[in-house]
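Visitor:
Number of protein chains: 2
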Amino acid sequence: MSTPDIDNIIAAIRSVIHQKKEGPVSLHEPCFEGNERAYVKDCIDSTWVSYVGKYVDRFEDMLAGFTGVKKAVAVVNGTAALQIALQLAGVKANDEVLVPALTFVATANATAHCGAVPHFVDSEEKTLGMDPDKLKNYLKEIANLNDNGCTNKKTGRRIKAVIPMHTFGHPADLDPLTEVCREYKMEMIEDAAESLGSFYKGKHTGNWGKLSILSFNGNKTITTGGGGAIITNDEALAKLAKHLTSTAKIPHRWEYRHDYIGYNYRMPNINAALGCAQMEQLTGFLNKKRNLAERYSRAFRNVDGVKFFTEPPHAKSNYWLNCLLLDKADAEQRNKILEKTNDAGIMTRPVWTLLNKLNMFRDCPRMDLSCAEDLEVRIINIPSSASLTKS
Amino acid sequence: MSTPDIDNIIAAIRSVIHQKKEGPVSLHEPCFEGNERAYVKDCIDSTWVSYVGKYVDRFEDMLAGFTGVKKAVAVVNGTAALQIALQLAGVKANDEVLVPALTFVATANATAHCGAVPHFVDSEEKTLGMDPDKLKNYLKEIANLNDNGCTNKKTGRRIKAVIPMHTFGHPADLDPLTEVCREYKMEMIEDAAESLGSFYKGKHTGNWGKLSILSFNGNKTITTGGGGAIITNDEALAKLAKHLTSTAKIPHRWEYRHDYIGYNYRMPNINAALGCAQMEQLTGFLNKKRNLAERYSRAFRNVDGVKFFTEPPHAKSNYWLNCLLLDKADAEQRNKILEKTNDAGIMTRPVWTLLNKLNMFRDCPRMDLSCAEDLEVRIINIPSSASLTKS
Chain A
556 MSTPDIDNII AAIRSVIHQK KEGPVSLHEP CFEGNERAYV KDCIDSTWVS
606 YVGKYVDRFE DMLAGFTGVK KAVAVVNGTA ALQIALQLAG VKANDEVLVP
656 ALTFVATANA TAHCGAVPHF VDSEEKTLGM DPDKLKNYLK EIANLNDNGC
706 TNKKTGRRIK AVIPMHTFGH PADLDPLTEV CREYKMEMIE DAAESLGSFY
756 KGKHTGNWGK LSILSFNGNK TITTGGGGAI ITNDEALAKL AKHLTSTAKI
806 PHRWEYRHDY IGYNYRMPNI NAALGCAQME QLTGFLNKKR NLAERYSRAF
856 RNVDGVKFFT EPPHAKSNYW LNCLLLDKAD AEQRNKILEK TNDAGIMTRP
906 VWTLLNKLNM FRDCPRMDLS CAEDLEVRII NIPSSASLTK S
Chain B
556 MSTPDIDNII AAIRSVIHQK KEGPVSLHEP CFEGNERAYV KDCIDSTWVS
606 YVGKYVDRFE DMLAGFTGVK KAVAVVNGTA ALQIALQLAG VKANDEVLVP
656 ALTFVATANA TAHCGAVPHF VDSEEKTLGM DPDKLKNYLK EIANLNDNGC
706 TNKKTGRRIK AVIPMHTFGH PADLDPLTEV CREYKMEMIE DAAESLGSFY
756 KGKHTGNWGK LSILSFNGNK TITTGGGGAI ITNDEALAKL AKHLTSTAKI
806 PHRWEYRHDY IGYNYRMPNI NAALGCAQME QLTGFLNKKR NLAERYSRAF
856 RNVDGVKFFT EPPHAKSNYW LNCLLLDKAD AEQRNKILEK TNDAGIMTRP
906 VWTLLNKLNM FRDCPRMDLS CAEDLEVRII NIPSSASLTK S
C-alpha cells in the first residue's frame, strides 16, 4: 500500500460521474423528474396544503407498503420522529439511551429532547454501525439487570433504549443487536433516516425497532423538502404517534379538547405531495444509485491507499452516500484530499465529528470508542446523487 | 334582550358571505390567487426545496419588513417558534410561565416542552386577552420579588415569563402588560400566532415581546402549509434563534460540528416559497377580512342576544377569526347554535376548552379565571376567510 495520489482519486470520481449541469458536483441532490409539480399544483388548487389532505395519507401508505411495516406516520423531520419514537418506547427524563458515537447529531439531540442522556457506543468497520459484540461485552461489565430492566452501575440511571443508525444507508447488524436488546431488556429504535431502500437479510430496515424512523431531508434518497416518518409494526403505537404528533386533539365536531401534552409535528400536505411523487420514483433512484456505487467500486479498485466501502454481509444497501475509507496509515491525508477535491469542484466531506467530542455531550457516558475514532479520520464521502449515473 | 333566534343568526351570516363553491362554508380557508404555483414550481426546478434557498431568506425579510421587527426566523410552526423563544428568553425547566387559560393548547404545550409549568391567567372581555390589572393584583398577592426576579410564594418556583396571546387577532392590552412585566422582572413573549396584520397603538403586534412568534398554519391569515416564525428586535437573539433551530451547526466548508443541543425546526424552502406568494397578497387579504368584519358588524346589529366582537380600543385587528359573543343569559344556547349552524352548512365553533380544564394541565397553578370561564361559554366563531367577502 502506498500514499493515495489525490489526482488518481479525482480521476476515479470523474470517470464515474455524469455531470449534467455547471458548477461543483454536489454530494447529494434531489431529482424531480416525476409528478412533483403536478401533485404540488393539485395540492395548492385544492387549498388543502396544511395538516389535512389526501397526500399525507397516501404518502404514509406508500411508505408502509415499501418498507413492509404495518404503519407509517409522516412528521416534520427525522429528529422529531426520533424524539416521539423514544417517548413512545418509554424513554423518560434521566434515562440513558445507547447511541452510536459515529452518527449525525440528531440521534443524540432527539435523546436529549426527551430529557434522556445519550450513552455512546462504538462502531464496527464491517457495517459502520454499532458493534453488537463490543456492546454486549460492555453491558456485561457496566449493567445491572433485574426485573425492571437494565441499570448503568456507574451512573445509577436506567438504560432504556438502543438506537442503531444505518450509516450512509448501510444496515447495522440487526440480529445480534436485537439479541443484546432482548437480553438486557432494552427497547430498540432504528434510526433509518439514511436507509430508505436498504434491506437486512431480505427485509427492509426499520422492521426491527419497536418503532423506527425515516428522514426526507433535501439530501436524502427521496425528499419532501423537510420531513420524516415514524414507522412501526405496532398499530396501537402508530395510532398514538399520530395523535401525539398532531396536538393530541380528541376528535369532535367542534370541541377543542386535548388529552396529552402533544406536539405539532405533522407533515403538511404540500410536503407529502412532493413525497408521493418521489416515492413513485424510488425504485428507479435506487437502481441508479446502485449502478453508481458499482462503477465507483470498479474505478477505485486500482487507486492506492483508499477502499470504496461496499454493502455489509447480509445487506442490500441503498448506497445513499458513497464513501471511501482511507488506509489507516494514510488518515493524515484526509484534509488534503478534502481540500483538493472540493477545490476541483467535486464536493466531498468527512464523516461527522464523533458526538462525544461535542461540548454539549462531552460528559455523557461512553464505552471505548477506538473503532469509531479510527473511522472518523478515514471516511470521505463522495458525490452520490442518482442523477450522476451515466446511462 | 331576548333569547337569540338561531334562524336570525344564520340569516345574518348568509347575508354577509359570498360562497364561491359547493359544500359547507369553512371557518377559514386559504386563498391562493397570486404567485403560489409559480414560486413553488421555481423552487422545485431549482432543486433547492429543503433547508437552504432564496425563498426562506426572502420570506424572513418580508415578515420583518411588514411587522417592523428587526429580524424574523422562519421555522416549522408556531409551537416550535414559541418553545425556542421561551428558551432564548431564559425559561428553564421548573420555571413557571404565565399563560392565558383562554388560548390554543400550543401556548401551554410549548411551555411544557421547555420543562416549564404553565400558570394560568384570566382574560378581559375588552380584548379577549390577558387582563393586566387582574394580573398585577394577583402578583401583588402571590409573588416574591427580589434581585433575581419573581418567585411564586406558594410553589417556590421562579416566574420567568409571560405570554400574552392575541386572541383571534385582537391585540391584548400590551402597554400595561409590559408594565407588569417590568415591575415583576419577567420576560414578555408575545404569542402573535393569530395576529399577523394586527396593530396595537399603530405598531404591529410582536414588537413588545423580547421575542414573539407568528403562525402560518393552513387556517391562518397567510399559510405556508405548516410554518411559523420567531420575530424579535434583538439581533443577537435572532442569530441564536436561527442557529438553534438549524441544528446549531458551526459553519465550516466540510466539517460537521455543533455547539448546542439544537433543533431541526427550519422551515423548508418550498414552504417559504408559498409564504412569499402569500405575503405579496397580505394587504389585500387584510382589507377583505376587515370588510367582511364590517359587514358582519352591521348584520348582527339587529340580532337579539348576540354581539359581534369588534377590535379593542387602541387596536387595529386583522379579524383573523370573527367571533360572536352570546349575552350572558343566553350562554346555554351555545351548543344549539353550534349544532344548527353546522347542520345548515355554516361552520362555526366554540372557543378552546380552557387549558386549566385539560387533564395534563389540571394541577398547574392558576388565578381566579372567572372572566375566561364566562367567555368560554359565550364565544362562537363564524366563517372568516378573505374569499368570503362580497365584492
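These protein sequences, in sequence, are chains A and B.
Residues in the first sequence are numbered consecutively from 556, following my numbering.
Residues in the second sequence are numbered consecutively from 556, following my numbering.
Heads up, the beta-carbon is just placed ideally off N, CA and C, and yes, glycines get one too.
Remember, predicted model here, so these are calculated numbers, not experimental data.
(1) Could I get the ranges of all uninterrupted beta strand (DSSP E) runs contained in the region 648 to 704 of chain A, with 3 residues as the minimum, in chain order?
(2) Whose C-beta lies closer than 8 Å to the C-beta of His668 (chain A) among residues of the same chain, with five residues either side of it excluded?
(3) Please list, in chain order, the residues of the region 569 to 587 of chain A that have any C-beta partner in chain B closer than 7 Å.
(4) Is the beta carbon of Ala854 (chain B) less than 8 Å from the beta carbon of Asn877 (chain B)?
(5) What does Phe840 (chain A) pair with, by DSSP beta-bridge criteria?
(6) Please decide whether Ser605 (chain A) counts as near chain B, where near means a Cβ-Cβ distance under 8 Å.
(7) Taking Cβ positions, are Pro823 (chain A) and Gly780 (chain B) nearer each other than 8 Å?
(8) Leaving aside the five residues before and after Gly670 (chain B) along the sequence, list all residues of the same chain whose C-beta is less than 6 Å from its C-beta, in chain order.
(9) Starting from Ile892 (chain B), follow its DSSP beta bridges and name the residues at the other end.
(10) I need the straight-line Cα distance from Asp789 (chain A) to Leu766 (chain A), nearest angstrom please.
(11) Examine the Cβ distances between the region 702 to 718 of chain A and the region 615 to 628 of chain A and report whether three or more of them are shorter than 8 Å.
(12) Short check: CB of Ala503 (chain B) to CB of Thr682 (chain B), under 8 Å?
(13) In angstroms, rounded to a whole number, what distance separates the CA positions of Cys831 (chain B) and Val595 (chain B)?
(14) Report the residue from B:Ala698, B:Ile564, B:Leu657 whose alpha carbon sits nearest the alpha carbon of Asp746 (chain B).
(15) With 16 as the cutoff for other CB atoms within 10 Å, does His583 (chain B) come out buried or exposed?
(16) Can you check whether the C-beta of Trp875 (chain B) is within less than 8 Å of a C-beta belonging to chain A?
(17) Determine the extent of the alpha helix (DSSP H) in which Val646 (chain B) is found, giving its start and end residues.
(18) I'd like to know whether the C-beta of Val595 (chain B) is nearer than 8 Å to at least one C-beta of chain A.
(19) Give me the residue from A:Cys919, A:Val660, A:Ile825 with the minimum Cα distance to His813 (chain B).
(20) Taking 6 Å as the limit between beta carbons, can you name the residues of its chain near Ala640 (chain B), skipping five residues before and five after?
(21) What three-state label does DSSP hand Val717 (chain A) in the structure shown?
(22) Among the candidates B:Leu924, B:Ser770, B:Phe723, B:Asn707, whose CA atom is the shortest distance from the CA of Lys740 (chain B)?
(23) Using a C-beta to C-beta distance shorter than 8 Å, which residues of chain B count as neighbours of Ala661 (chain A)?
(24) Does the beta carbon of Gly704 (chain B) sit closer than 8 Å to a beta carbon anywhere in chain A?
(25) Taking the alpha helix (DSSP H) that Asn570 (chain A) belongs to, which residues open and close that run?
(26) Which residues of chain B have a Cβ atom closer than 9 Å to the Cβ of Pro726 (chain A), listed in chain order?
(27) If the cut-off is 9 Å on Cβ atoms, which residues from the region 911 to 922 of chain A count as contacting chain B, listed in chain order?
(28) Using a Cβ cut-off of 7 Å, which residues of the region 775 to 794 of chain B contact any Cβ in chain A, in chain order?
(29) Specify the secondary structure class of Thr802 (chain B) as computed by DSSP and reduced to three states.
(30) If contacts are defined as beta-carbon pairs under 8 Å, then Ala803 (chain B) and Tyr815 (chain B) qualify, I think. What distance do you get, rounded to the angstrom?
(31) Would you identify the three-state DSSP class for Asn762 (chain B), choosing helix, strand or coil?
(32) Alpha carbon to alpha carbon, how far is Arg713 (chain B) from Tyr693 (chain A)?
(33) Could you check the C-alpha separation between Leu643 (chain B) and Leu792 (chain B) for me, to the nearest Å?
(34) Identify the contact partners of Arg808 (chain B) in chain A, using a Cβ-Cβ distance below 7 Å as the criterion.
(35) Within 10 angstroms of the Cβ of Ser940 (chain A), are there 16 or more other Cβ atoms? Answer buried if so, exposed if not.
Guide: Reading from the atomic positions:
(1) DSSP runs (the beta strand (DSSP E)) wholly in the region 648 to 704 of chain A: 651 to 655, 672 to 676, 698 to 701.
(2) The residue given as residue 668 (chain A) occupies position 113 in the first sequence. Around His668 (chain A): Thr634, Gln638.
(3) Within the region 569 to 587 of chain A, the residues whose Cβ lies closer than 7 Å to any Cβ of chain B are, in chain order, Glu584, Pro585, Phe587.
(4) One-based indexing of the second sequence puts residue 854 (chain B) at position 299. One-based indexing of the second sequence puts residue 877 (chain B) at position 322. Going by C-beta atoms, Ala854 (chain B) is not nearer than 8 Å to Asn877 (chain B).
(5) The residue given as residue 840 (chain A) occupies position 285 in the first sequence. For Phe840 (chain A), which the question treats as bridged, DSSP gives no partner whatsoever.
(6) To locate residue 605 (chain A), count along the first sequence from 1; it is residue 50. Yes - at least one Cβ of chain B is within 8 Å of the one on Ser605 (chain A).
(7) Within the first sequence, the letter at position 268 stands for residue 823 (chain A). Within the second sequence, the letter at position 225 stands for residue 780 (chain B). With contacts defined as CB atoms closer than 8 Å, Pro823 (chain A) and Gly780 (chain B) qualify as a contacting pair.
(8) Residue 670 (chain B) sits at position 115 when you count from the first residue of the second sequence. Answer for Gly670 (chain B): Ala648, listed in chain order.
(9) Looking up residue 892 (chain B) in the second sequence gives position 337. According to DSSP, which records beta bridges pairwise, Ile892 (chain B) is partnered with nothing at all.
(10) Indexing the first sequence from 1 puts residue 789 (chain A) at position 234. Indexing the first sequence from 1 puts residue 766 (chain A) at position 211. Computed Cα separation, rounded: 8 Å.
(11) These segments do not touch.
(12) Here chain B has residues from 556 to 946 only, and residue 503 (chain B) is not among them.
(13) Indexing the second sequence from 1 puts residue 831 (chain B) at position 276. Indexing the second sequence from 1 puts residue 595 (chain B) at position 40. Distance from the CA of Cys831 (chain B) to the CA of Val595 (chain B), rounded to the nearest whole angstrom, comes to 10 Å.
(14) Numbered from 1 along the second sequence, position 191 holds the residue referred to as residue 746 (chain B). When each option's Cα is compared against that of Asp746 (chain B), the closest is B:Leu657.
(15) Walking along the second sequence from the start, residue 583 (chain B) turns up at place 28. Counting the other CB atoms within 10 Å of its CB gives His583 (chain B) a total of 16 or more, which places it among the buried residues.
(16) Sequence index remark: in the second sequence, residue 875 (chain B) carries index 320 (1-based). No, Trp875 (chain B) lies away from the interface with chain A (no Cβ there is under 8 Å from its Cβ).
(17) In the second sequence, the residue the question calls residue 646 (chain B) occupies position 91. Per DSSP, Val646 (chain B) lies in no alpha helix (DSSP H) segment and is marked neither H nor E.
(18) To locate residue 595 (chain B), count along the second sequence from 1; it is residue 40. Chain A has a Cβ within less than 8 Å of the Cβ of Val595 (chain B).
(19) By 1-based counting over the second sequence, the position of residue 813 (chain B) is 258. Measuring from the Cα of His813 (chain B), the nearest candidate turns out to be A:Val660.
(20) As a position in the second sequence, residue 640 (chain B) is number 85, starting the count at 1. For Ala640 (chain B), where only same-chain residues beyond five positions count, the Cβ hits under 6 Å are Ile744, Leu766, Ile768, Ile785.
(21) Taking the first residue of the first sequence as 1, we reach residue 717 (chain A) at position 162. Looking at Val717 (chain A) - three-state DSSP - the assignment turns out to be strand.
(22) As a first step, residue 740 (chain B) must be located in the second sequence, where it is residue number 185. The shortest C-alpha separation from Lys740 (chain B) is found at B:Asn707.
(23) One-based indexing of the first sequence puts residue 661 (chain A) at position 106. Listed by position along chain B, the residues whose Cβ is nearer than 8 Å to that of Ala661 (chain A) are Thr802, Asn819.
(24) Residue numbering aside, residue 704 (chain B) sits at position 149 when the second sequence is read from its first letter. No, Gly704 (chain B) lies away from the interface with chain A (no Cβ there is under 8 Å from its Cβ).
(25) For this step, residue 570 (chain A) is matched to residue 15 along the first sequence. It is worth fixing the name first, because residue 570 (chain A) is Ser in this sequence and not Asn. 561 to 571 is the span of the alpha helix (DSSP H), which, as asked, contains Ser570 (chain A).
(26) On the first sequence, residue 726 (chain A) is found 171 positions in, with the first residue counted as 1. Simply none; closest approach about 22 Å.
(27) Of all residues in the region 911 to 922 of chain A, only Lys912, Leu913, Asn914, Met915, Phe916 come within less than 9 Å of chain B when Cβ atoms are compared, listed by chain position.
(28) Residues of the region 775 to 794 of chain B with a C-beta atom less than 7 Å from some C-beta of chain A are Thr778, Gly780, Gly781, listed in chain order.
(29) Here residue 802 (chain B) corresponds to residue number 247 of the second sequence, with the count starting at 1. Residue state for Thr802 (chain B) is assigned as coil, using DSSP reduced to three classes.
(30) Reading the second sequence from its first residue, position 248 is the one you call residue 803 (chain B). Reading the second sequence from its first residue, position 260 is the one you call residue 815 (chain B). Contact holds; Cβ gap of about 4 Å.
(31) Reading the second sequence from its first residue, position 207 is the one you call residue 762 (chain B). Three-state DSSP puts Asn762 (chain B) in coil, outside helix and strand.
(32) Here residue 713 (chain B) refers to the residue found at position 158 of the second sequence. Here residue 693 (chain A) refers to the residue found at position 138 of the first sequence. Arg713 (chain B) and Tyr693 (chain A): Cα-Cα distance of roughly 42 Å.
(33) Position 88 of the second sequence holds residue 643 (chain B). Position 237 of the second sequence holds residue 792 (chain B). Near 7 Å, if we compare the C-alpha coordinates of Leu792 (chain B) and Leu643 (chain B).
(34) As a working note, residue 808 (chain B) is residue 253 in the second sequence. Asn897, listed in chain order.
(35) Taking the first sequence and counting its residues from 1, the one referred to as residue 940 (chain A) is at position 385. Label assigned to Ser940 (chain A): buried.
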